[in-house]
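Our numbering puts the first residue of the sequence shown at 1, with every later residue one more than the last.
Beta carbons: idealized from backbone N, C-alpha and C, even for Gly.
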Amino acid sequence: MKPAVGGETPATISEKKKKNKTKVPRLEEYLQQRDYLGALTLLEFQRSIGEKEEHADLWIGYCAFHLGDYKRAMEEYKSLTSKPECPEQVWVYLACALFFLGLYKEAEDAASKAPMSPLQNRLLFHLAHKAELKNLIDISSCSFEFAKELIRHNLVVFRGGEGALQVLPPLIDVIPEARLNLVIYYLRQDNVRFFLLFTLYSQEYILKGVVNAALGQEIGSRDHLKIAQQFFQLVGGSASECDTIPGRQCMASCFFLLRQFEDVLIYLNSVKGYFYNDDTFNFNYAQAKAALGNYKEAEEVFLLIQSEKIKNDYVYLSWLARCYIMNQKGRLAWELYLRMGTSSDSFSLLQLIANDCYKMGQFYYAAKAFDALEKLDPGSNYWEGKRGACVGVFQLILANKESKETLKEVVLLLQNSGNPQVEYILRALRKWAKDNRVLLS
Numbered sequence: 001m002k003p004a005v006g007g008e009t010p011a012t013i014s015e016k017k018k019k020n021k022t023k024v025p026r027l028e029e030y031l032q033q034r035d036y037l038g039a040l041t042l043l044e045f046q047r048s049i050g051e052k053e054e055h056a057d058l059w060i061g062y063c064a065f066h067l068g069d070y071k072r073a074m075e076e077y078k079s080l081t082s083k084p085e086c087p088e089q090v091w092v093y094l095a096c097a098l099f100f101l102g103l104y105k106e107a108e109d110a111a112s113k114a115p116m117s118p119l120q121n122r123l124l125f126h127l128a129h130k131a132e133l134k135n136l137i138d139i140s141s142c143s144f145e146f147a148k149e150l151i152r153h154n155l156v157v158f159r160g161g162e163g164a165l166q167v168l169p170p171l172i173d174v175i176p177e178a179r180l181n182l183v184i185y186y187l188r189q190d191n192v193r194f195f196l197l198f199t200l201y202s203q204e205y206i207l208k209g210v211v212n213a214a215l216g217q218e219i220g221s222r223d224h225l226k227i228a229q230q231f232f233q234l235v236g237g238s239a240s241e242c243d244t245i246p247g248r249q250c251m252a253s254c255f256f257l258l259r260q261f262e263d264v265l266i267y268l269n270s271v272k273g274y275f276y277n278d279d280t281f282n283f284n285y286a287q288a289k290a291a292l293g294n295y296k297e298a299e300e301v302f303l304l305i306q307s308e309k310i311k312n313d314y315v316y317l318s319w320l321a322r323c324y325i326m327n328q329k330g331r332l333a334w335e336l337y338l339r340m341g342t343s344s345d346s347f348s349l350l351q352l353i354a355n356d357c358y359k360m361g362q363f364y365y366a367a368k369a370f371d372a373l374e375k376l377d378p379g380s381n382y383w384e385g386k387r388g389a390c391v392g393v394f395q396l397i398l399a400n401k402e403s404k405e406t407l408k409e410v411v412l413l414l415q416n417s418g419n420p421q422v423e424y425i426l427r428a429l430r431k432w433a434k435d436n437r438v439l440l441s
């Protein structure tokens, strides 16, 4: 039988299918957006199905390097150098990856095989700084007496603050930067009150802002927070700094303290390509996302953080728990609580889980949280929240949105309460269970 008038030909159907296909972003688009993870995923997918991009191996090494996966980058570049058609500049890319892995001798050997270029020159400069400073400090000649102080100062900086308390204090009046680097050392050690004294003599407004922000949050001082906000605004709004990375970070910090999170994201988005693996940046970025209700992206960024110090911070735990709950992952929020020891922070997290899960209709975990709160503070009114959550679970069971087997746990939770209303609720649940052949024991 022929189709009715207006039927579509096979060619028309084929064209429609092509139009309806989701457009896959091109490699260039990912790279322009500095989305190295997206670019790497695309390249690996193309490699797996045999549709390799031109120079795919080079691009995989490039993306891995920019994601901080220097071992992967090294492996890709090493593989390329073993091929006869390998471009000569790959040797300097390999040298960069080796440098970041701390393999300085191997990095120098690889760099020596590359053609002369600004990148090779810069890399050799950094490598010279690494073997040479130690040699200089070991020289006992009198002609190096002044240089020794400068070299000892620089060694502390290059080693991330190692030996700062022994080396820097005597150099405060000798080398101007020694004071600032000692301030930074105390800042990294969370010794807010001590390094505040040092920054009072410094003209470094960024450090002053950081110090006042840290102290203001520690002691709950609005005055210190206001001073911090003013310092950040002073730097970020200046003509010389407004378009620099530190200047934009300062403006983000200023708006963060003012709780204007839309403006925070404008500035953080403009520099995020430079801070992909920076835990502090990601911590602030995720908080701003979550504060604006973008919980899905916030959760992803929170989970990028590797620092154990940040991951054990209550601010991190509470925001991550809220993101889990808002993303309908109440179980993961509950597991965060279970991993915490008994403390005032764990009690606060329990309250957050109980209330947020209740608000989001995740009544099972709300009931468990209210039950734990009731045990910790029997004289409170947590029974009302627990009762409502248990009834909420029962309603979900009736609507076939929760497993019938969950009713057994709800009954156990209710039996733990000494409230006189329990028996009335339990009678209703047991009757329904009996009528619907649900075992409660």
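Subject >> K465 classed as buried or exposed, judged by whether at least 16 other C-beta atoms fall within 10 angstroms >> reply: The displayed coordinates of the chain run from 1 to 441. Any statement about residue 465 would go beyond what the structure contains.
Subject >> Whole-number beta carbon distance between I353 and Y365, since they are thought to touch under 8 Å >> reply: Locating residue 365 in the sequence shown gives position 365, where the first residue counts as 1. Locating residue 353 in the sequence shown gives position 353, where the first residue counts as 1. Contact annotation, Y365 with I353: C-beta distance approximately 6 Å; criterion of less than 8 Å satisfied.
Subject >> Inter-residue Cα distance where the pair is N355 and S238 >> reply: Position 355 of the sequence shown, counted from the first residue, corresponds to residue 355. Position 238 of the sequence shown, counted from the first residue, corresponds to residue 238. Whole-angstrom Cα-Cα distance: 44 Å.
Subject >> Expected contact under 8 Å - CB spacing of Y77 and G102 to nearest Å >> reply: Translated into the one-based positions of the sequence shown, residue 77 becomes position 77. Translated into the one-based positions of the sequence shown, residue 102 becomes position 102. Actually they are not in contact, since the Cβ atoms of Y77 and G102 sit about 16 Å apart, beyond 8 Å.
Original post:
With a CB to CB cut of under 7 Å and the five nearest residues on each side skipped, what residues in its chain are close to E423?
Top reply: Indexing the sequence shown from 1 puts residue 423 at position 423. Cβ neighbours of E423 beyond the five flanking positions: none.
Original post:
How would you call A95, buried or exposed, if buried means at least 16 neighbouring beta carbons within 10 angstroms?
Top reply: Along the sequence shown, one-based indexing puts residue 95 at 95. For A95, the number of other beta carbons within 10 angstroms of its own is at least 16, and it is reported as buried.
**OP:** Within its chain, find whatever has a CB closer than 8 Å to the CB of A367; leave out the 5 residues flanking it on each side and keep chain order.
**Re:** Mapped onto the sequence shown, residue 367 falls at position 367. Here the set comprises K386, A389, C390, G392, V393, V410 and L413.
Original post:
Where does L98 land, buried or exposed, given buried means 16+ other C-beta within 10 angstroms?
Top reply: As a position in the sequence shown, residue 98 is number 98, starting the count at 1. Looking at its Cβ environment, which holds 16 or more other Cβ atoms inside 10 Å, L98 is buried.
**OP:** Taking 7 Å as the cut-off, decide whether the C-beta atoms of Y314 and D263 are in contact.
**Re:** Here residue 314 refers to the residue found at position 314 when the sequence shown is read from its first residue. Here residue 263 refers to the residue found at position 263 when the sequence shown is read from its first residue. No, the pair does not count as a contact, with Cβ atoms beyond the cut-off.
Original post:
For A298, which residues from the same chain have a beta carbon less than 7 Å from its beta carbon, with the 5 sequence-adjacent residues on both sides left out?
Top reply: On the sequence shown, position 298 is the one that residue 298 refers to. Hits under 7 Å: A286, K289, A290 and C323.
Original post:
Around the Cβ of H153, are there at least 16 other Cβ atoms within 10 angstroms (buried) or fewer (exposed)?
Top reply: Translated into positions along the sequence shown, residue 153 becomes position 153. Under this definition H153 is a buried residue.
**OP:** State the DSSP-derived secondary structure class of Y276, mapped to helix, strand or coil.
**Re:** In the sequence shown, counting from the first residue as 1, residue 276 sits at position 276. Y276: coil per DSSP, three-state reduction.
Subject >> Spatial neighbours of F275 in its chain, beta-carbon cut-off 7 Å, leaving aside the 5 residues before and after >> reply: Looking up residue 275 in the sequence shown gives position 275. Same-chain partners within the cutoff: F281.
Original post:
Taking contact to mean at least 3 C-beta pairs separated by less than 8 Å, is the stretch 215-222 in contact with the stretch 237-256?
Top reply: no
Original post:
Looking at R152 and the ligand SAM, is the gap between the Cβ and the nearest heavy atom below 6 Å?
Top reply: Among the ligands in the structure shown, none appear at all, so the ligand SAM cannot be discussed.
Original post:
The alpha helix (DSSP H) with T444 in it runs from where to where?
Top reply: Here the chain comprises residues numbered 1 to 441, so residue 444 is not present and cannot be evaluated.
Subject >> Y442 versus R430: straight-line alpha-carbon distance, rounded >> reply: In the structure as shown, the chain starts at 1 and stops at 441, and residue 442 therefore has no counterpart that could be examined.
Subject >> Option nearest E28 by Cα separation, candidates C63, G247 and S48 >> reply: Taking the sequence shown and counting its residues from 1, one reaches residue 28 at position 28. Considering only alpha carbons, the answer is C63.
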